[in-house]
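Residue numbers 379 to 461, in this note's numbering, belong to the letters of the sequence shown in order.
Glycine is no exception: its CB is placed at the ideal position from the N, C-alpha and C atoms.
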Amino acid sequence: MSGLRLVVGIIVMGIVVPLMIFFLLGLDHPMQLFTIAATTFLSWAVAEFLATVLSRPRLQDRSPGKAFREDWERRSKDAEIEN
């Protein structure tokens, strides 16, 4: 993740979106704003993390399930060789 992408994500998902939701829903307690901000920022962070994991070269051209299965089989074979 680049620095610019991180800064834009923090500003948009941590400040702008929560403020829009807060005012559009007509909420009035600051804790509601902080809860919305934490939720939107956390969901963005998880989505970014998963996108980063799935873009790694080892997972390209494979679904996560297929990659997991192949890794599991490879580790099973390695464990059999050690025993």
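Can you say whether residue i is buried or exposed, counting buried as having 16 or more other CB atoms within 10 angstroms of its CB?
i	result
MET391	buried
Taking C-beta to C-beta, are residue i and residue j nearer than 7 Å?
i	j	result
THR418	PRO396	yes
TRP422	GLY387	yes
How long is the line joining the alpha carbons of residue i and residue j, rounded to whole angstroms?
i	j	result
ASP406	PHE400	8 Å
THR430	GLU448	20 Å
ALA416	MET409	10 Å
VAL385	ALA445	32 Å
THR413	ALA457	46 Å
VAL394	LYS455	50 Å
From what residue to what residue does the alpha helix (DSSP H) around residue i run?
i	result
GLY387	381 to 389
ARG440	Per DSSP, ARG440 belongs to no alpha helix (DSSP H) and is neither H nor E.
LEU402	395 to 402
SER421	408 to 432
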